[in-house]
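In the working numbering, the protein residues as written are 1 to 160.
Every residue gets a Cβ at the ideal spot worked out from N, C-alpha and C, and that includes glycine.
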Amino acid sequence: MLETLSERITYYRKTSKLTQEELAEKCSVTPQAVSKWENGISTPDIMLLPRLAEIFSVTTDELLGVKREVPVAVDTDVVDVSKAILRMHVDSCGDTVDIRLPISVAKIVLQSDHKFKMGKKDALQDIDFDQIFALVSVGTFGKILEITSAEGDHVEIWVE
Numbered sequence: 001m002l003e004t005l006s007e008r009i010t011y012y013r014k015t016s017k018l019t020q021e022e023l024a025e026k027c028s029v030t031p032q033a034v035s036k037w038e039n040g041i042s043t044p045d046i047m048l049l050p051r052l053a054e055i056f057s058v059t060t061d062e063l064l065g066v067k068r069e070v071p072v073a074v075d076t077d078v079v080d081v082s083k084a085i086l087r088m089h090v091d092s093c094g095d096t097v098d099i100r101l102p103i104s105v106a107k108i109v110l111q112s113d114h115k116f117k118m119g120k121k122d123a124l125q126d127i128d129f130d131q132i133f134a135l136v137s138v139g140t141f142g143k144i145l146e147i148t149s150a151e152g153d154h155v156e157i158w159v160e
C-alpha cells in the first residue's frame, strides 16, 4: 500500500514509464527536486500537484492518498431521498462539466431525450440512470459511479 506522497510519486512515475529527469522536465524542476520528493526529503510545491496528477492521469485526491468514497445505505424511513442531490463530474474531450441537481430534477432531465453532449461523443450515453435512480430510491448515498473510458472520458456520480 502506498502510504506516503513520496511512495505515490515514485509509483506513478514508474507506472507512467518516466525517468526522474523526464518528470522533472515536465514539471519545470530539477531532477534533484524529483529525487528529493521520492526520498521524502521535500515535497512538491502545492501549485505542482494538479500538474503531477495530470501527468500521471490520476486525480489530485489519488495523488495525495485520499481514500475513495464507498456508497452507503441510509434508512429511507429516516432520510427523505426525494431531497437528495445528484452530483456529476464529467470530463470529456477536454471539456469539464460539474452538475448538481435535486434528484427529482435530475430524473426529468436525464430520462428525457436531452443529452449532455461534449465533444464528439456523449460521455453519459452508456450510463443507465434508471439503475442509479433505483439505487437512490432504496437509500444508496455517496459515490455511486466512477468510469474512465478508453477515449479518456471520465465520469463520477454522487448522491448527497
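Start and end residues, beta strand (DSSP E) containing residue i
i	result
V90	85 to 92
V58	That residue, V58, is in no beta strand (DSSP E); it is neither H nor E in DSSP.
I157	154 to 159
V97	95 to 102
CA-to-CA distance, residue j to residue i, given in whole angstroms
i	j	result
W37	L48	12 Å
D153	N39	33 Å
H89	S57	16 Å
G94	Q32	32 Å
Q125	Q111	11 Å
T15	I127	29 Å
D61	I108	32 Å
V29	D45	10 Å
I55	C27	9 Å
R100	P50	23 Å
L86	G139	13 Å
T59	T76	32 Å
E7	E25	20 Å
Y12	V81	39 Å
A53	V72	28 Å
Reduced DSSP secondary structure (H/G/I, E/B, other) of residue i
i	result
L18	coil
L145	strand
P50	helix
L227	The structure shown does not extend to residue 227, since the chain is modelled only from 1 to 160, so the question has no answer here.
D128	coil
V72	strand
Burial state of residue i (16 or more Cβ within 10 Å)
i	result
V78	exposed
L64	exposed
V159	buried
I147	exposed
V66	exposed
V136	buried
Terminal residues of the alpha helix (DSSP H) in which residue i lies
i	result
E38	31 to 38
D80	No alpha helix (DSSP H) contains D80, which DSSP labels as neither H nor E.
I161	With the chain covering only 1 through 160, there is no way to say anything about residue 161.
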